[in-house]
Amino acid sequence: MPAARADEGIARALLRAQPQRFAGQPLTATMFASARARAHATLALAFALLALAALLTALIGDAPLSRHLSSRFWVAGQRSLLKWLTDAGLYAGYACFIALLVLGWWQRQRLWFEVARVWLAAQLIGGLLIVRVLKMWIAHPRPDTGAGDAPLQWLGLTWNAAYNSFPSGHSADIATSAFCLCLLLARPWQRAWVLGFAALIGLTRILLAKHWSSDVLAGSAVGLTVSALIAGFWLRRLATGDAPA
Numbered sequence: 003m004p005a006a007r008a009d010e011g012i013a014r015a016l017l018r019a020q021p022q023r024f025a026g027q028p029l030t031a032t033m034f035a036s037a038r039a040r041a042h043a044t045l046a047l048a049f050a051l052l053a054l055a056a057l058l059t060a061l062i063g064d065a066p067l068s069r070h071l072s073s074r075f076w077v078a079g080q081r082s083l084l085k086w087l088t089d090a091g092l093y094a095g096y097a098c099f100i101a102l103l104v105l106g107w108w109q110r111q112r113l114w115f116e117v118a119r120v121w122l123a124a125q126l127i128g129g130l131l132i133v134r135v136l137k138m139w140i141a142h143p144r145p146d147t148g149a150g151d152a153p154l155q156w157l158g159l160t161w162n163a164a165y166n167s168f169p170s171g172h173s174a175d176i177a178t179s180a181f182c183l184c185l186l187l188a189r190p191w192q193r194a195w196v197l198g199f200a201a202l203i204g205l206t207r208i209l210l211a212k213h214w215s216s217d218v219l220a221g222s223a224v225g226l227t228v229s230a231l232i233a234g235f236w237l238r239r240l241a242t243g244d245a246p247a
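Structure, rendered in structure tokens:
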């Protein structure tokens, strides 16, 4: 995650001047209440979608569903587009929050800046730490390794990327970006579009046979949960004036 590490360096530089930059601009109770309401609505919709997808996976089977999707007749002819989309969606999220971090500081938009900090913390803790540790510890073979149709074939600790399928890092990262962006979007239809786009990126991982359905669901759940916990803790402390600079 080079973009997240670069974002961390930018954040450190900006935070040195943060107390002076945002002097007299606390995160008000109204701003916190609005962000909290958006977070609750986003989580409700996101986990409803995950529950439906999990039910479908349970009814059809993880491997059969994943194989069925990745073997569709049109996938082979659209692999270049799918590869572009799966990466473009991920890096668009990185670019968006790097921009929010810088612009929030530059234009003294406190909520932009703080939400970008929440995103950075969630990426480092959820996407970089939790997901990567689980990937290496569980050592789940990817669908394109030819390891068979049993996705619950745990092999133990490994550094081999071909066996780092569970959970999906792409899905965790895009879910983190989607949740944090939704904290800034006032209209429900805007949040629905963002979550739909995140779901599309997750689907590309299955279509490209890079992940099983269960990998995408687990990665998305990790990203959403970690983001929500950090956002709730950090924004609440900012609203009460207890957060450190």
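Note that my numbering has the sequence shown beginning at 3, numbered continuously upward.
Here a beta-carbon is modelled for each residue, glycine too, at the ideal position from N, C-alpha and C.
Just so you know, these numbers come straight off a predicted model, no measurement behind them.
Pair within 8 Å by beta-carbon distance, residue i and residue j
| i | j | result |
| --- | --- | --- |
| L183 | C98 | yes |
| L249 | F181 | This structure cannot settle anything about residue 249, because the visible part of the chain is limited to 3 through 247. |
| G204 | S222 | yes |
| I208 | S73 | no |
| V135 | P169 | no |
| A48 | L197 | yes |
| L186 | W108 | no |
| L159 | W191 | no |
| V117 | L130 | no |
Where residue i falls: helix, strand or coil (DSSP)
| i | result |
| --- | --- |
| H213 | coil |
| A247 | Reliability fails at A247, whose pLDDT of 46 lies under 50, so the model's placement of it is uncertain and the value that follows must be treated cautiously. Of the three classes helix, strand and coil, the one that applies to A247 here is coil, per DSSP. |
| R38 | helix |
| V228 | helix |
| R18 | A caution first: R18 carries a pLDDT of 49, below 50, which makes its placement in the model unreliable, though a value can still be read off. Here R18 sits in coil by DSSP. |
| T32 | helix |
| L131 | helix |
| W234 | First, the residue type needs correcting, since residue 234 is Gly and not Trp in the sequence shown. Reduced to three states, the DSSP call for G234 is helix. |
| W139 | helix |
| F168 | coil |
| L187 | coil |
| F207 | Just to set this straight, residue 207 is Arg in the shown sequence, not Phe. Correct three-state label for R207: helix. |
Residue nearest to residue i in terms of C-alpha spacing, selected from the options
| i | options | result |
| --- | --- | --- |
| W142 | V218, I62, L226, A56 | Here the sequence assigns His to residue 142, which means Trp is not the residue at that position. If we check each option's Cα against that of H142, V218 comes out closest. |
| L61 | S216, G198, L240, A230 | S216 |
| A164 | A188, L105, K137 | K137 |
| L240 | V228, V120, A200 | V120 |
| A53 | H213, L231, K212, A201 | A201 |
| G63 | W195, W214, I132 | W214 |
| V133 | F75, A41, A220 | A220 |
Continuous alpha helix (DSSP H) stretch holding residue i: start and end
| i | result |
| --- | --- |
| F115 | 112-124 |
| A177 | 171-184 |
| W107 | 81-108 |
| D64 | 64-72 |
Assumed close pair residue i, residue j - CB separation to whole angstroms, cut-off 8 Å
| i | j | result |
| --- | --- | --- |
| R193 | A43 | 7 Å |
| T178 | A90 | T178 to A90, Cβ: 17 Å. No contact. |
| L210 | R81 | 7 Å |
| G95 | D146 | Not really, about 24 Å apart at Cβ, beyond 8 Å. |
| R144 | S173 | With 8 Å as the limit, R144 and S173 do not qualify as a contact, their Cβ atoms being about 13 Å apart. |
Check: residue i C-beta below 7 Å from any heavy atom of the ligand FMN
| i | result |
| --- | --- |
| T206 | Summarising the ligand content, the structure contains no ligands, and the ligand FMN is consequently not present. |
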